[in-house]
Amino acid sequence: MMTDENQSNVNLQDTRKFGHDTKRTRRALGVINQNLVGSQHHPCIVNKQPNSQKCVIYDENIPNPIPRPITRKFGASLNQQSCSQETKKSDISIQNSSEFEDIKIIDVECTAATDLPVPMSLENPAAAPIQSNEMEEVEMEDIFEDPIMDIDGPDAKNPLAVVDYVDDIYSYYRKMEACSCVPPDYLSQQHDINERMRAILIDWLVEVHYKFELREETLFLTVSLIDRFLARHTMVRKKLQLVGLIAMLLACKYEEVSVPVVDDLIFISDKAYTRQDLLEMEKIMLNTLQFNMSLPTPYVFLRRFMKAAESDKKLEQLCSYLIELSLVEYDMIKFPPSLLAAAAIYTAQCSLYGFKQWNKTCEFYTNYSEEQLLECSKLMVTFHQKAGTGKLTGVFKKYSTLMFGYAAKFNPATFLLIS
């Protein structure tokens, strides 16, 4: 029979053995958990010596251990704070537990950089931010770059917009606008007509055009016919008004659905000419121009360019006002129709917004840069300044009405004259 002392010794041995097995079981489970999670390794146990060497930690419980180099120079490590916290935790755990009996710390002198595999995150830590900054700069440039808009995309299903042919049409207009241009000094060949008389005639025709409620393109074609005819045919002063009436009659036959009759033209001329005079002058003009009526005017390009500028009603009315002021002025003959249209849009944008604005889309569809438009635009600003101050106020009165949005009341872009 076993005594109480022997029984207590057996129990104590069993307890120690069980505790030792339990201890090993907990350590093994801890290692298994670390291997399963894979996000954390053993705490960083470092040799507290003031040097910048590296140490490698091996664990006998982990098969085929992989050396993990730890940088001893804390100032150069990106994970300094996390490493120091793990070191403190490891010191406390070593003092309070005996679970790390089998862990051996081996100091290795790193004599060569090729002796140990270097993690990818430590190969060149300064290269990643530089590369990312360069990529950010490229992406920001792409974001803020002024894109070229497809102005014909929304009209793809509109048969009247002729999207498939519109580029070819305007390429043809570009080639033909040189034929519609006249010499800038053609009035020097006229002995009885001067610049002032031409301006008075066109200003009067603007009022007639407004009274008859004709289409806008009719006015532009009328002025084009007058200049082309006078550049080829010598005319006396007393028949200059007759030339203007016939030019408007031909433009109405070409553009309008309802054409003014000859008697209406005689009436607005205060019966200065007879019916026979009008019919005779019509024959002379058509023969002189060789019946060539379909040449591009500034209005043709103006409609296309306003679409590229994404214009609203206010901008359209101001563009029309500026370009009609230019029709009266003889100095604007030297500019081709496409340049007049582009300059009118550029000047109108500057007047409305108060600063220079000419984006890549406008430059692409007009084929004119901002520098190419400045000369013509400055002249338009001067005409805008003096509009309504002299005797030729036909355009100013027309655009001072509600029908045209009081476009004549807008302030001119005088800052363009300074640049």
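Each residue of the sequence shown is one higher than the one before, counting from 203 in my numbering. Glycine included, each C-beta is placed from N, C-alpha and C at the ideal position.
Asked                                                                                                                                                                                : Found
For the alpha helix (DSSP H) that contains Val368, what are its first and last residues?                                                                                             : Val368 to Ser382
What did DSSP end up calling Asn489 once you bin it into helix, strand or coil?                                                                                                      : helix
Quick check on DSSP: helix, strand or coil for Gly607?                                                                                                                               : coil
Would Ala543 and Phe606 qualify as a contact pair, given that the criterion is a beta-carbon distance under 8 Å?                                                                     : no
Tell me whether Leu421 counts as near the ligand ZN, meaning its Cβ is closer than 7 Å to at least one heavy atom of that ligand.                                                    : In the structure shown, the ligand ZN is absent, as is every other ligand, since no ligand is present at all.
Report the CB separation of Thr424 from Ala453 in whole angstroms; it is logged as a contact under 8 Å.                                                                              : 4 Å
Our contact map puts Lys527 next to Ala615 with C-beta atoms below 8 Å; I'd like the distance itself, whole angstroms only.                                                          : Per the sequence presented here, residue 527 reads as Leu, with Lys not at that position. About 13 Å; that fails the 8 Å criterion.
Can you tell me whether DSSP reads Asp465 as helix, strand or coil?                                                                                                                  : helix
Leaving aside the five residues before and after Tyr412 along the sequence, list all residues of the same chain whose C-beta is less than 7 Å from its C-beta, in chain order.       : Lys600
Using only CA atoms, which one of Ser460, Asp533, Ser390 and Pro386 lies nearest to Phe414?                                                                                          : Ser460
Check whether the Cβ atoms of Ile470 and Pro500 sit closer than 8 Å, and answer yes or no.                                                                                           : no
What residue from Gln478, Glu457, Gln443 and Lys455 has the CA that sits closest to Asp472's CA?                                                                                     : Gln443
Where does Phe612 sit, in a helix, a strand or coil, going by DSSP?                                                                                                                  : coil
Thr568 and Ala638 - do their beta-carbons sit closer together than 8 Å?                                                                                                              : Any question about residue 638 goes unanswered here, given that the chain covers just 203 to 621.
Can you have a look at Val364 and say buried or exposed, based on whether 16 or more other CB atoms are within 10 angstroms of its CB?                                               : exposed
Can you tell me whether Leu416 is helix, strand or coil according to DSSP?                                                                                                           : coil
Find the nearest neighbour of Glu397 within the set Ser382, Leu529 and Thr595, judged by alpha-carbon distance.                                                                      : Leu529
Please state whether the Cβ-Cβ distance between Ala610 and Met582 is less than 8 Å.                                                                                                  : no
Rounded to a whole number of angstroms, what is the C-alpha to C-alpha distance between Val438 and Gln392?                                                                           : 8 Å
Using the C-alpha atoms, what's the distance from Asp479 back to Leu575?                                                                                                             : 42 Å
Quick one: give me the first and last residue of the alpha helix (DSSP H) that Thr563 is part of.                                                                                    : Lys562 to Thr568
Is it the case that the segment 347-363 contacts the segment 548-568, given that we only count it when at least three CB pairs across the two stretches are under 8 Å?               : yes
What number of angstroms, rounded off, separates the C-alpha of Tyr475 from the C-alpha of Gln587?                                                                                   : 36 Å
Have a look at Lys485, Ser373, Leu554 and Ile486 and flag the residue whose alpha-carbon is nearest the alpha-carbon of Asp514.                                                      : Leu554
What number of angstroms, rounded off, separates the C-alpha of Leu619 from the C-alpha of Cys552?                                                                                   : 12 Å
Output yes or no for whether 8 Å exceeds the beta carbon distance between Cys381 and Leu497.                                                                                         : yes
Helix, strand or coil: how does DSSP classify Met483 here?                                                                                                                           : helix
On the criterion of 16 or more Cβ atoms from any shown chain inside 10 Å, does Thr591 qualify as buried, or is it exposed?                                                           : exposed
Flag this pair as yes or no: are the beta carbons of Val384 and Gly596 separated by less than 8 Å?                                                                                   : no
Between which two residues does the alpha helix (DSSP H) holding Tyr456 run?                                                                                                         : Leu442 to Glu457
With 16 as the cutoff for other CB atoms within 10 Å, does Ser571 come out buried or exposed?                                                                                        : exposed
Might you give, ordered along the chain, the residues of its own chain that have their beta carbon closer than 7 Å to the beta carbon of Ser426, omitting 5 neighbours on each side? : Ser382, Leu497 and Thr499
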